[in-house]
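> Take the sequence shown: its letter number 246 is residue 246 in this note's numbering, and every next letter is one higher.
Have a look at the structure that comes next, please.
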Amino acid sequence: MHKRGSIALAVLLVLTFVFTGCVAPAAPQAAGPADAAMSTAMPAEEAAPQGGGTLIVARAADAKGLDPHKQTAFSSFRLLELIYDSLLGLDANLEIVPRLAESWTWSDDGTALTMQLRSDVKFHNGDVMTSADVKFSYERILNEETGSAARSYFTDITSIEAPDATTVVFNLTRPNVSILAAMTNPNSAILDANVVATEDPASVTIGTGPFKLVDWQPDQVTILAANTDYWLPGLPKIDGMEIRILPDEGSILAGLRAGTIDWALVNDPKVAVRAAGGENELTIFRTPALAYHVLQLNSSRAPFDDVRVRQAISCAINRQEVLDTASLGEGQVTGPATSPFYQTPLDNLFCYQKDIEKAKQLLADAGMSTGISFKIMAAADEPPTAVNEAQSIQAQLAEIGIETEIETLELGVYVDRWLKADFDAVVALNGGNPDPDIMFYRYWHSTGNLNTVAAYNSPELDALLDQGKITTDLAERKAIYAQVQTTLAEESPWVWLYVGFEYRIMQPYVEDFTPMPNGSMQFLRDVWLNK
């Protein structure tokens, strides 16, 4: 068995290319925090890291639930990734690294993945984590009755063996290049089998992560305490966190300036720009995001069941105008893939330049030059740009005679309806990933667990996605996903808009935080308070 087999090497090379693209993105065209100091006045000498203290954190949206296998909202991930761990993780360079699994090997034919687990990992209740917990967790993910958000990543698994306490073997129907990347996802967290046998993870939260949940008052405050038995020596450095939910990000900025907040997750580019322009010495991280803003059309409903109507909508929208209006130009227009290595040039994609005449002709060809009207669903609080995006799209579609009504919903209601595809159209912020299989398969393959949300599939896409999952040659894999993107752009089930930035703002005494393109807050485990 070979750890550096073709599958493992393909994953490593892909993620290396991805990171190279992510750290050197094209600068946005609008002025913003990029020109602000990323850190404030340089200290005369570096202080030695000190432990202790409580970090006061603020963000606008709270977790929508605590079961890590079921959550889809970013706001849920940001809490759960502090409490739970996965077998593998992504480091600051977006490279796959060991976490609860300390090593792994592949069989020669790529159909058996053997993982060696750490022997020194404890759950928050003191239980030692073993292979039985890993086996239980993945079987729970694969169980259709669980309703796991990650199930489609792992459907190639036929059986899971736990030959001893620190060994797990995943048997697969076929080689799967992306399964290691899938194992880094918060939806792939390892649960305590003994606890879940009698308790619901939605209410009893026992993980192996750097922080323990002490108290959760939804939409108000969350109290976390350091896990003193955490498997990474010396971490976390702080004693705990108090996470305050302040829906108005302007209030978060006011708290930062007043010194009552230490660290903040900010989603609104307007607030980030204001923070950069203030006199306070705040540290601002502005990291190119993998998540993408998109207009989803429900192809299972008229008039979107006619490809010409979908294409007309795509041709009618100036994506740069949406970006400029909603996000002050803080980002860049994107196609379906946001991982730089896999991105297809926009000029190769259908109608990525606004073309009103072509849009009108497509509607005429469909026999629907007039009379089209539908609702655009938007979340009120995640992301804060959603309503402005919908308004920009509404104004542009009016130019081709399409009438729209914007339906603004609280995030929990929005997510419920989104999961059921209970909408005509929706503006959404969906998660990106270094590996395109993770981005595309669950939405666009006919067996994907979110294909109902995508509301579109085809035999052509199924074949491409199946091939991409097993292809180890990078050039061939890139070509496959280029075809996926051109197909999606041509069929226009969604209109991909843009990618923005992940903003993290903190006091200058908050040391050693590392931002990530996927928005993860995992490196709060490293921070210490230099005051």
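For each residue, glycine too, the CB sits at the ideal point set by N, CA and C.
Taking Ala226 as the reference, which of Ser107, His124, Pro340 has the closest Cα?
In terms of Cα proximity to Ala226, the closest of Ser107, His124, Pro340 is His124.
> I'd like to know whether the C-beta atoms of Asp424 and Lys358 end up nearer to each other than 8 Å.
no
> Take the Cβ of Lys420 as the centre, count every other Cβ of all protein chains shown within 10 Å, and call the residue buried at 16 or more, exposed below.
exposed
> Nearest by alpha-carbon distance to Ala149: which of Thr452, Asp462, Ala395 is it?
Thr452
> If you follow the beta strand (DSSP E) that Asp164 is in, where does it begin and where does it stop?
Taken as a continuous stretch (DSSP letters only), the beta strand (DSSP E) holding Asp164 covers 157-164.
> For Pro384, which residues of its own chain have a beta-carbon under 6 Å away from its beta-carbon, when the five flanking residues on both sides are left out?
Asn267, Asp268
> Under the three-state reduction of DSSP, which class applies to Glu279: helix, strand or coil?
coil
> Might you give, ordered along the chain, the residues of its own chain that have their beta carbon closer than 6 Å to the beta carbon of Trp216, omitting 5 neighbours on each side?
Thr222
> Going residue by residue through the region 403-464, where are the continuous beta strand (DSSP E) segments of at least 3 residues, counting only ones entirely within it?
403-409, 425-430
> Starting from Phe513, trace the alpha helix (DSSP H) both ways and give me its first and last residue.
First-last for Phe513: undefined, no H or E at that position.
> Using the rule of at least 16 other Cβ atoms within 10 Å of the residue's Cβ for burial, across every protein chain shown, is Lys531 buried or exposed?
exposed
> Could you check what DSSP says for Thr287 in three-state terms: helix, strand or coil?
strand
> For the region 508-516 and the region 296-313, state whether three or more C-beta atom pairs, one from each stretch, are separated by less than 8 Å.
no
> DSSP state of Glu242, grouped into three classes?
strand
> Please report whether the beta-carbon of Phe440 lies at a distance below 8 Å from any beta-carbon of chain C.
You won't find chain C in this structure, because it holds only one protein chain.
> Taking only the alpha-carbon atoms, compute the straight-line gap between Arg274 and Leu265 and give it to the nearest angstrom.
Straight-line spacing of the CA atoms in Arg274 and Leu265 works out to 14 Å.
> Using 8 Å for Cβ pairs, my map puts Gly335 next to Trp496. What's the rounded Cβ distance?
6 Å
> What does DSSP give as the partner residue(s) for Leu213 in the beta ladder?
Leu224
> From Pro515 to Gly431, what distance separates their C-alpha atoms?
As the crow flies, the alpha-carbon of Pro515 is around 16 Å from that of Gly431.
> Give me the Cα-Cα distance between Ala63 and Gln361, rounded to the nearest whole angstrom.
45 Å
> Under a three-way DSSP split, which group does Lys70 fall into?
coil
> I need the DSSP call for Asn539, collapsed to helix, strand or coil.
Past the edges of the chain, shown from 1 to 531, lies residue 539, and the structure says nothing about it.
> Could you say if the region 161-179 and the region 54-61 meet the contact criterion of at least three C-beta pairs nearer than 8 Å?
Not touching, per the Cβ criterion.
> Suppose you measure from the CA of Gly240 to the CA of Leu55; what does that come to, to the nearest Å?
6 Å
> Take Ile238 and list the residues in its own chain whose beta-carbon comes closer than 6 Å to its own, dropping the five residues that flank it on each side.
Gly53, Leu55
> Checking 8 Å against the spacing of the C-beta atoms, do Gly209 and Asp85 come in under that value?
Yes, the Cβ-Cβ distance between Gly209 and Asp85 is below 8 Å.
> Relative to the C-alpha of Thr260, which candidate in Val271, Arg244, Ala272, Asp248 has its C-alpha closest?
Arg244
> Does DSSP put Ile480 in a helix, a strand or coil?
In this structure, Ile480 counts as helix in the three-state DSSP scheme.
> Rounded to the nearest angstrom, what separates Asp229 and Val128 at their Cα positions?
11 Å
> Compute the distance between the beta-carbons of Phe350 and Ser458, then report whether it is under 8 Å.
no
> Please give me, in chain order, every unbroken run of the beta strand (DSSP E) with length at least 3 that falls completely inside the region 360-402.
373-379
> List the endpoints of the continuous beta strand (DSSP E) containing Phe501.
494-506
> What residues match up with Thr105 in a beta bridge as DSSP calls it?
Thr114
> In whole angstroms, give me the CA-to-CA distance for Leu429 and Tyr292.
6 Å
> Could you give the distance in angstroms between the alpha-carbon of His445 and the alpha-carbon of Thr184?
21 Å
> Whole angstroms are fine: how far does the CA of Trp418 sit from the CA of Arg319?
22 Å
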